Amino acid sequence: MAIPTRFRKHLDVSCEGRLVITIDHSDHCLQVYPMPEWEAVEQKLTALPSLNPQVRRLKRMLLGYATECEMDSHGRVLLPAKLREFAGLDKNVVMIGQGNKFELWDEQTWNELMEACLQEDFDGIVPAELESLSI
């Protein structure tokens, strides 16, 4: 997969093109972390109590699928087959910036998700985390 040009320079500077790619179980996409960001996530995950079965499952999924990848000199990354299969990635892929990470989506799945989001009514109940957000 070719990393979009607008993201390449940032990835060169922030992590020398070293990435970790893992699954997003709830949305069936892939999460792409610059190495320093992944290291922070990994520390948080490993600090969680392992006696909780939900925590163990989350760790198994995120850490178990985590794959180190390196961007080549042309801004390309080789996505492992197991990750491509999980996210249903074929030819057309969309890379979405999410602040400290990126998401990789099958283009058709992404377009369908965005269409559904545009149809949603956001005038209903607002989660507490969003009540103070001003955009």
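Residue 135 is where the sequence shown ends in the UniProt record's numbering, and the numbering goes up by one at each step.
Just so you know, even glycine gets a beta-carbon here, dropped at the ideal spot from N, CA and C.
None of the values given here were measured: they were computed from a predicted structure.
*Can you tell me the Cα-Cα spacing of W38 and L79, whole angstroms?*
17 angstroms
*Start and end of the beta strand (DSSP E) containing Q119?*
Q119 -> not in any beta strand (DSSP E); alpha helix (DSSP H) instead, spanning 107 to 119.
_Going by C-alpha to C-alpha distance, which of D121, N100, N92 sits closest to N111?_
N92
*What's the gap between the Cα of M114 and the Cα of D27?*
13 angstroms
_Under 8 angstroms, with one C-beta from each stretch per pair, do the segment 68 to 75 and the segment 16 to 32 reach the 3-pair mark?_
yes
*Cβ-heavy atom distance between N52 and the ligand GTP below 6 angstroms?*
For the structure depicted, the ligand GTP is absent and the ligand set is empty, with no information on it obtainable.
*Identify, in the order they occur along the chain, each residue of the same chain with its Cβ nearer than 8 angstroms to the Cβ of A66, setting aside the five sequence neighbours on each side.*
V20, I21, T22, W38, E42
_Among L63, H10, M35, nearest to D24 - alpha-carbon criterion_ = L63
_For I3 and L77, believed in contact at Cβ under 8 angstroms, the rounded distance_ = For clarity, residue 77 is Val in the given sequence; the question names Leu instead. At roughly 6 angstroms, the Cβ-Cβ gap stays under 8 angstroms, so V77 and I3 are in contact.
*Nearest to D106 (by Cα), restricted to the options E85, Q98, V126*: E85
*Given that a residue counts as buried once 16 or more other Cβ atoms are within 10 Å of its Cβ, and exposed if not, what is A87?*
buried
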